[in-house]
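A.B. asks: Each protein sequence line maps, in turn, to chains A and B.
Per this note's numbering, the first sequence starts with residue 2, numbered consecutively.
Per this note's numbering, the second sequence starts with residue 609, numbered consecutively.
Submitted below is the structure of interest, expressed as structure tokens.
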Amino acid sequence: MSSNAKGPLVKRHRLSTRVWHWTNMVAIFLLIGSGATIFNAHPRLYWGEYGANFDPAWLVIDDRQSATGPRGFVNIGGAEFDTTGVLGVFEKGGETRMRAFPHWVTIPAEYSLSAGRRYHLLGAWIFGVAGFVYFFWSLFNRHIQRDLIPRKWQLTPACVRADIKNHIKLNFIHSGTEKYSLLQKLSYAGVILVILPVLVATGLTMSPNMNAAWPWLLDIFGGRQSARSLHFIAAFLLIAFIFVHLILVVLAGPYNEIRSMITGKLRLPAGDGR
Amino acid sequence: MTSRRTVLTGIGACLMLPGCERIGKTKPVHDLLYSLDGLTMRAQRLVTARGALAREYTEADLSPRFRVNGTRQPASADYARHQKEGFANWRLNVGGMVRRPLQISLSDLRAMPTRTQITRHDCVEGWSAIGQWTGVQLSRILDFARVSERAKYVLFRCADNYGDTPYYETVDMIEARHPQTILAWGMNGDILSVAHGAPLRLRSERQLGYKHAKYVMGVEAIESFAEIGGGKGGFWEDRSGYDWWAGI
Ligand code: HEM
Numbered sequence: 002m003s004s005n006a007k008g009p010l011v012k013r014h015r016l017s018t019r020v021w022h023w024t025n026m027v028a029i030f031l032l033i034g035s036g037a038t039i040f041n042a043h044p045r046l047y048w049g050e051y052g053a054n055f056d057p058a059w060l061v062i063d064d065r066q067s068a069t070g071p072r073g074f075v076n077i078g079g080a081e082f083d084t085t086g087v088l089g090v091f092e093k094g095g096e097t098r099m100r101a102f103p104h105w106v107t108i109p110a111e112y113s114l115s116a117g118r119r120y121h122l123l124g125a126w127i128f129g130v131a132g133f134v135y136f137f138w139s140l141f142n143r144h145i146q147r148d149l150i151p152r153k154w155q156l157t158p159a160c161v162r163a164d165i166k167n168h169i170k171l172n173f174i175h176s177g178t179e180k181y182s183l184l185q186k187l188s189y190a191g192v193i194l195v196i197l198p199v200l201v202a203t204g205l206t207m208s209p210n211m212n213a214a215w216p217w218l219l220d221i222f223g224g225r226q227s228a229r230s231l232h233f234i235a236a237f238l239l240i241a242f243i244f245v246h247l248i249l250v251v252l253a254g255p256y257n258e259i260r261s262m263i264t265g266k267l268r269l270p271a272g273d274g275r
Numbered sequence: 609m610t611s612r613r614t615v616l617t618g619i620g621a622c623l624m625l626p627g628c629e630r631i632g633k634t635k636p637v638h639d640l641l642y643s644l645d646g647l648t649m650r651a652q653r654l655v656t657a658r659g660a661l662a663r664e665y666t667e668a669d670l671s672p673r674f675r676v677n678g679t680r681q682p683a684s685a686d687y688a689r690h691q692k693e694g695f696a697n698w699r700l701n702v703g704g705m706v707r708r709p710l711q712i713s714l715s716d717l718r719a720m721p722t723r724t725q726i727t728r729h730d731c732v733e734g735w736s737a738i739g740q741w742t743g744v745q746l747s748r749i750l751d752f753a754r755v756s757e758r759a760k761y762v763l764f765r766c767a768d769n770y771g772d773t774p775y776y777e778t779v780d781m782i783e784a785r786h787p788q789t790i791l792a793w794g795m796n797g798d799i800l801s802v803a804h805g806a807p808l809r810l811r812s813e814r815q816l817g818y819k820h821a822k823y824v825m826g827v828e829a830i831e832s833f834a835e836i837g838g839g840k841g842g843f844w845e846d847r848s849g850y851d852w853w854a855g856i
């Protein structure tokens, strides 16, 4: 791996991709933090149309008293995990707090459902409008067809094997006809074409006014509480993507990578010129 | 190298939550945050039908137990007296910008044409419960009282207090005249219980739960809610900053 050795500086990312990427990052940051606040108002998830305290929940984050003080726990489908200190029960400024997500992930830090909802709506507007414009612009300039959807030849077993091997060897940056390798394409397409649209659609399915106008939203996702669960799961998958994404940016050379998403230009490794 | 460090510290600073909140408290961002529900309402109304009905469910879909939220038992002496008398001497006051102010007894309300609907109640906190509601359409009462064309909102005055502050809510005429907007006196085949808002509660089926005022004592047609309560159009809107339009 020689990503720091000087090869040629090539054009990698379009202006539209760069502008959308950073706008979207701000929106996602707002959405995740304020989403955690909103979840804290009722930290239980259900399947179906309805679900409240007396109904069975598939996911619960809560606290209960014990001989040694309050304990936080997460219960997923009956399996329970003690999460004291992180989820359910945590410390803030020397005080013990009992909420699902701690102050260091929620926006705002001090619990306020109404403020959380306002930040969430702000994030949702930025995210929705930017995503809508980016999606259609990327169809128009063929970014989706060319750079995100894998080519047939990339799916041949030999190429799949080679790409996996390159990733294991932490060898990320290549020249060639394609901007992204197969695994990159699959994860970016999965985020842009599946996870982000599911987040928008399940978000709208939680709106009682949208439910009245477009009741098929409820049918697609199996009811309002199912939509709420799927919204949470999609957000969780997005966070998992972001984790891996950041690790890979660091491994591939953060200076070169982040610059490429700002100026558009990526430095190829020496001896890897076109 | 310096530029890499600058970029990373820049990103780091943005990601610090207190920094984010300081931005949120500046006037332009604060004003933006408080104008979003109006924007969302107009955008949703642009792409949806005004008269769209909330989904109605069947008896098989009813929540086994409908969570009670907010006040369970109003504390005033007046309310206690009415409760003791089975609301026999209670009257719903209909006033404000109407040509024919009314005082309607519970038995007269029950004698009016009824609408029964099984709908889903969505709390702002995130939970939902399905219940069956029986009552009279608000639009009938507004027509009966000959509401003025100038009235823009309907105000609901309630019997429950939080401290010294009475509960109240407002909805605009689009929601007030919606066919599923009813003043319910029955729930799940029974008379509405005190915990769920007896003798009368609002159902505004395309909005979140805090709009569905319980213990409704008076209905008033008004032109503006700026002078009522804290001026934001409802108890939780004033107290906690919830959005006036509660369609999402
Ligand atoms: C500090 C945070 C972040 C940094 C430094 C970062 C950096 C980058 C870089 C360098 C690339 C180009 C990688 C390549 O050439 O393969 C990229 C692409 C991408 N990033 Fe991020 N990213 C961040 C946050 C996020 C977040 C929160 C999302 C959430 C959706 C995201 C989604 C994507 C997507 C979908 C692409 C591909 C874009 C396209 O080609 O259409 N990133 N990011």
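Beta carbons are placed, not taken as given, at the ideal position from N, Cα and C, and that holds for glycine.
In chain D, which residues lie less than 7 Å from A660/B when you measure between Cβ atoms?
C.D. replies: The structure shown contains no chain D; the protein chains it does contain are A and B.
A.B. asks: Which of the three DSSP states is assigned to A683/B in this structure?
C.D. replies: The residue labelled residue 683/B in the question sits at position 75 within the second sequence. If DSSP states are grouped into helix, strand and coil, A683/B belongs with coil.
A.B. asks: In terms of residues, what are the limits of the alpha helix (DSSP H) holding E783/B?
C.D. replies: Position 175 of the second sequence, counting from 1, holds the residue named residue 783/B. E783/B: member of the alpha helix (DSSP H) spanning 781–784, first to last residue.
A.B. asks: Report the residues of the stretch 726–757 of chain B with a CB closer than 8 Å to any CB of chain A, ordered along the chain.
C.D. replies: Against chain A - using a Cβ distance shorter than 8 Å - the residues of the stretch 726–757 of chain B are R728, D730, C731, V732, E733, G734, W735, S736, A737, I738.
A.B. asks: I856/B CB to nearest chain A CB: under 8 Å?
C.D. replies: By one-based count along the second sequence, residue 856/B stands at place 248. Interface residue, yes.
A.B. asks: Short of 8 Å in beta carbon distance, which residues of its chain neighbour Y776/B, apart from the five on each side in sequence? Order them along the chain.
C.D. replies: As a first step, residue 776/B is located in the second sequence; it is residue number 168 there, counting from the start. Once the five neighbours on either side are set aside, the close Cβ partners of Y776/B are L763, F764, R765, C766, A821, I836, G837, G842, F843.
A.B. asks: Going by the beta-carbon positions, is the gap between A37/A and V106/A smaller than 8 Å?
C.D. replies: In the first sequence, counting from the first residue as 1, residue 37/A sits at position 36. In the first sequence, counting from the first residue as 1, residue 106/A sits at position 105. For A37/A and V106/A, yes; Cβs fall inside 8 Å.
A.B. asks: Given a cut-off of 8 Å on the beta-carbon distance, is the pair N25/A and A662/B in contact?
C.D. replies: Position 24 of the first sequence, counting from 1, holds the residue named residue 25/A. Position 54 of the second sequence, counting from 1, holds the residue named residue 662/B. Not a contact, by the Cβ cut-off of 8 Å.
A.B. asks: Assign G842/B to one of three DSSP states: helix, strand, or coil.
C.D. replies: Taking the second sequence and counting its residues from 1, the one referred to as residue 842/B is at position 234. If DSSP states are grouped into helix, strand and coil, G842/B belongs with the strands.
A.B. asks: In terms of alpha-carbon separation, which member of R152/A, I77/A, R98/A, A53/A lies closest to D64/A?
C.D. replies: Within the first sequence, the letter at position 63 stands for residue 64/A. Nearest to D64/A by C-alpha distance, out of R152/A, I77/A, R98/A, A53/A, is R98/A.
A.B. asks: Which residues, in order along the stretch 68–87 of chain A, keep a beta-carbon less than 7 Å from a beta-carbon of chain B?
C.D. replies: none
A.B. asks: Is it true that the CB of G129/A sits closer than 8 Å to the CB of V201/A?
C.D. replies: The residue given as residue 201/A occupies position 200 in the first sequence. The residue given as residue 129/A occupies position 128 in the first sequence. Going by C-beta atoms, V201/A is nearer than 8 Å to G129/A.
A.B. asks: Anything in chain B within Cβ reach of H43/A, meaning under 7 Å, just list it in chain order.
C.D. replies: What you label residue 43/A is simply residue 42 of the first sequence in a count that begins at 1. Within 7 Å Cβ-Cβ: E733, G734, W735.
A.B. asks: Who are the Cβ neighbours of R680/B in its own chain at under 7 Å, not counting the five residues just before and after it?
C.D. replies: If you number the second sequence from 1, residue 680/B lands on position 72. Once the five neighbours on either side are set aside, the close Cβ partners of R680/B are A803.
A.B. asks: DSSP three-state call for T264/A: helix, strand or coil?
C.D. replies: Stepping through the first sequence from its first residue, residue 264/A is reached at position 263. The answer is coil: DSSP assigns T264/A none of H, G, I, E or B.
A.B. asks: Give the single residue among P270/A, I259/A, L269/A whose Cα lies nearest to the Cα of R19/A.
C.D. replies: Within the first sequence, residue 19/A is the residue found at index 18, counting from 1. Measuring C-alpha to C-alpha distances from R19/A to each of P270/A, I259/A, L269/A identifies I259/A as the nearest.
A.B. asks: Beta-carbon separation of G223/A and H14/A under 8 Å?
C.D. replies: On the first sequence, position 222 is the one that residue 223/A refers to. On the first sequence, position 13 is the one that residue 14/A refers to. Taking 8 Å as the Cβ cut-off, G223/A and H14/A do not qualify as a contacting pair.
A.B. asks: With respect to the beta strand (DSSP E) encompassing T724/B, which residues constitute its N-terminal and C-terminal limits?
C.D. replies: As a working mapping, residue 724/B is identified with position 116 in the second sequence. Per DSSP, T724/B belongs to the beta strand (DSSP E) from 723–730.
A.B. asks: State yes or no: is the C-beta of H175/A nearer than 7 Å to some heavy atom of the ligand HEM?
C.D. replies: As a working note, residue 175/A is residue 174 in the first sequence. Result no, Cβ not under 7 Å from the ligand HEM.
A.B. asks: Is there at least one Cβ from chain B nearer than 8 Å to P270/A's Cβ?
C.D. replies: Within the first sequence, numbered from 1, the residue matching residue 270/A stands at position 269. With 8 Å as the cut-off, P270/A does not count as an interface residue toward chain B.
A.B. asks: Can you find a C-beta in chain A that's less than 8 Å from the C-beta of T610/B?
C.D. replies: As a working mapping, residue 610/B is identified with position 2 in the second sequence. Because the pLDDT of T610/B is 44, which lies under 50, any placement of that residue in the model is unreliable, and the number read from its coordinates should be weighed accordingly. Chain A contact via Cβ: absent.
A.B. asks: Quick one: Cα of E845/B to Cα of L183/A, how far?
C.D. replies: For the purposes of this step, residue 845/B is identified with residue 237 of the second sequence, where counting begins at 1. For the purposes of this step, residue 183/A is identified with residue 182 of the first sequence, where counting begins at 1. Spanning the two alpha carbons is a distance of roughly 50 Å.
A.B. asks: Assuming the contact rule is C-beta atoms closer than 8 Å, G646/B and W793/B should be a hit. Round their C-beta distance to whole Å, please.
C.D. replies: As a first step, residue 646/B is located in the second sequence; it is residue number 38 there, counting from the start. As a first step, residue 793/B is located in the second sequence; it is residue number 185 there, counting from the start. Between W793/B and G646/B the Cβ distance is about 33 Å, and since that is not below 8 Å, they are no contact.
A.B. asks: Just the Cα atoms here: how many angstroms apart are L16/A and L641/B?
C.D. replies: Here residue 16/A corresponds to residue number 15 of the first sequence, with the count starting at 1. Here residue 641/B corresponds to residue number 33 of the second sequence, with the count starting at 1. Distance from the CA atom of L16/A to the CA atom of L641/B, rounded to whole angstroms, is 29 Å.
A.B. asks: Below 8 Å on the Cβ atoms is my guess for A759/B versus I830/B; work out the distance and round it to an integer in Å.
C.D. replies: Residue mapping note: residue 759/B aligns to position 151 of the second sequence, counting from 1. Residue mapping note: residue 830/B aligns to position 222 of the second sequence, counting from 1. Indeed, because the Cβ distance is near 6 Å, the residues count as touching under 8 Å.
A.B. asks: Opposite G49/A in the DSSP bridges: which residues?
C.D. replies: To locate residue 49/A, count along the first sequence from 1; it is residue 48. G49/A pairs with nothing; no bridge assigned.
A.B. asks: Any heavy atom of the ligand HEM within a distance shorter than 7 Å of the CB on L239/A?
C.D. replies: As a working note, residue 239/A is residue 238 in the first sequence. For the ligand HEM, at least one heavy atom lies less than 7 Å from the Cβ of L239/A.
A.B. asks: Run down chain B in chain order and give the residues with a C-beta less than 7 Å from the C-beta of G52/A.
C.D. replies: Locating residue 52/A in the first sequence gives position 51, where the first residue counts as 1. Neighbours of G52/A on chain B, chain order: W735, S736.
A.B. asks: Quick one: is H729/B buried, meaning 16 or more other Cβ sit within 10 Å of its Cβ, or exposed?
C.D. replies: Locating residue 729/B in the second sequence gives position 121, counting from the first residue. The Cβ neighbour count for H729/B, taken over all protein chains shown within 10 Å, is at least 16; the residue is labelled buried.
A.B. asks: Determine, using beta carbons only, whether Y112/A comes closer than 8 Å to chain B.
C.D. replies: Position 111 of the first sequence, counting from 1, holds the residue named residue 112/A. Put simply, the CB of Y112/A is far from chain B, with every gap to its CB atoms at 8 Å or more.
A.B. asks: Against S848/B, what residues of chain A qualify as contacts under a CB-to-CB distance less than 7 Å, listed in chain order?
C.D. replies: The count along the second sequence starts at 1 and reaches residue 848/B at position 240. By Cβ distance, chain A contributes S115.
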